[in-house]
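In the working numbering, the protein residues as written are 9 to 327.
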């Protein structure tokens, strides 16, 4: 991939969630947005300031109008921002590392507000960028050109399939095994003390690019063909190579349409569709489980995991 120039680039660090606390991390970092000419999508990235490219989990694909970044009012001792999504419960916290223009802790200057405004203009989509972004002045020392690629990578490897159904089962089992429901791991900690409640989960949150990209990298040709068979006709070129087919799947998994579908399914599960959706997909629920008051998406994911664990146990018995 050719070098890309960011829409905006500012010095910022990451904040980690430690239990219900949001804790700033000291590592010097760079927050930037750029348009990827290969997938024609906007990417929201963070990387250590000395790194060549971001990790997969720090390279977020943005649906125009779906995300916005705002000041985090839970912090009064620093300039913390939170990236929020209207389509899911994802939250990403960052703190400004540029020198503050005031000695007052947590003070946001007009320059800082300008950065947030410019980021939000970019997040809304390209149609308004030329008109609004030209009004915001940025200090030259804070804007850094990206002269390197910002692509994700995956591991090599793979295993031979035994049948078409085995291909599908293996892929689904690998995918589900990497899903971690919020709250599954304990945690406390003091840190900076910024309190945050655990949000409701979305299927979109449970399938981050770090998971799908790594699994796609090790998929067998048979498993790739199984996934391709579920896509609309004509989306894959004739005589496409396995590498080209994987690229098509990658673009689908990272597309706004796929993200919106996952969000829509999550909404349907919470709006009374848990039983019907589970039955149509052959996912068994315990009687009355949808009325227990638990999050419906969590119930669905756990039920799917149990089904796949049963299939895996049955396959081991047959072997």
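We treat Cβ as the ideally placed atom computed from N, Cα and C, and that holds for glycine.
Short Cβ contact (8 Å threshold) for residue i with residue j
| i | j | result |
| --- | --- | --- |
| residue 278 | residue 298 | no |
| residue 95 | residue 70 | no |
| residue 54 | residue 62 | yes |
| residue 14 | residue 37 | no |
| residue 224 | residue 253 | no |
| residue 222 | residue 262 | no |
| residue 49 | residue 75 | no |
| residue 130 | residue 41 | yes |
| residue 267 | residue 305 | no |
| residue 113 | residue 81 | no |
| residue 102 | residue 21 | yes |
| residue 16 | residue 23 | no |
Alpha helix (DSSP H) segment containing residue i, residue limits
| i | result |
| --- | --- |
| residue 288 | 282-288 |
| residue 222 | 217-225 |
| residue 328 | Shown here, the chain extends from 9 to 327; a query on residue 328 therefore has no answer. |
| residue 31 | Looking at the DSSP string, residue 31 is not in any alpha helix (DSSP H); the run it does join, the beta strand (DSSP E), is 29-32. |
| residue 214 | 211-214 |
| residue 122 | 118-131 |
Beta-ladder partner(s) of residue i, from DSSP
| i | result |
| --- | --- |
| residue 83 | Looking at the DSSP assignment, residue 83 forms no beta bridge with any residue, so it has no partner. |
| residue 76 | 92 |
| residue 253 | DSSP lists no partner for residue 253. |
| residue 99 | 92 |
| residue 104 | 20 |
Cβ shell of residue i (< 6 Å), same chain only, five flanking positions each side left out
| i | result |
| --- | --- |
| residue 123 | 18 |
| residue 227 | none |
| residue 119 | none |
| residue 100 | 91 |
| residue 98 | 213 |
| residue 246 | none |
| residue 280 | none |
Unbroken beta strand (DSSP E) run spanning residue i, endpoints
| i | result |
| --- | --- |
| residue 56 | 49-56 |
| residue 43 | 37-44 |
| residue 21 | 16-26 |
| residue 67 | 67-70 |
Supposed close pair residue i, residue j - CB separation, criterion 8 Å
| i | j | result |
| --- | --- | --- |
| residue 87 | residue 104 | 4 Å |
| residue 215 | residue 309 | About 10 Å; that fails the 8 Å criterion. |
| residue 276 | residue 285 | 6 Å |
Proximal residues to residue i (C-beta, below 8 Å), its chain only, five neighbours per side dropped
| i | result |
| --- | --- |
| residue 271 | 95, 96, 210, 211, 212 |
| residue 51 | 41, 42, 43, 44, 67, 68, 69, 70, 158 |
| residue 232 | 250, 253, 254, 257 |
| residue 117 | 108, 109, 110 |
| residue 128 | 76, 77 |
| residue 315 | 290, 291, 292 |
7 Å CB neighbourhood of residue i in its chain, flanking five on each side removed
| i | result |
| --- | --- |
| residue 244 | 236, 253, 256 |
| residue 172 | With a pLDDT of only 43 at residue 172, under the threshold of 50, the placement of this residue in the model should not be trusted; the figure read from the coordinates follows. Correct list, in chain order: 230, 234. |
| residue 132 | 72, 73 |
| residue 64 | 160, 217, 218, 221 |
| residue 248 | none |
| residue 33 | 21, 22, 23, 24 |
| residue 317 | none |
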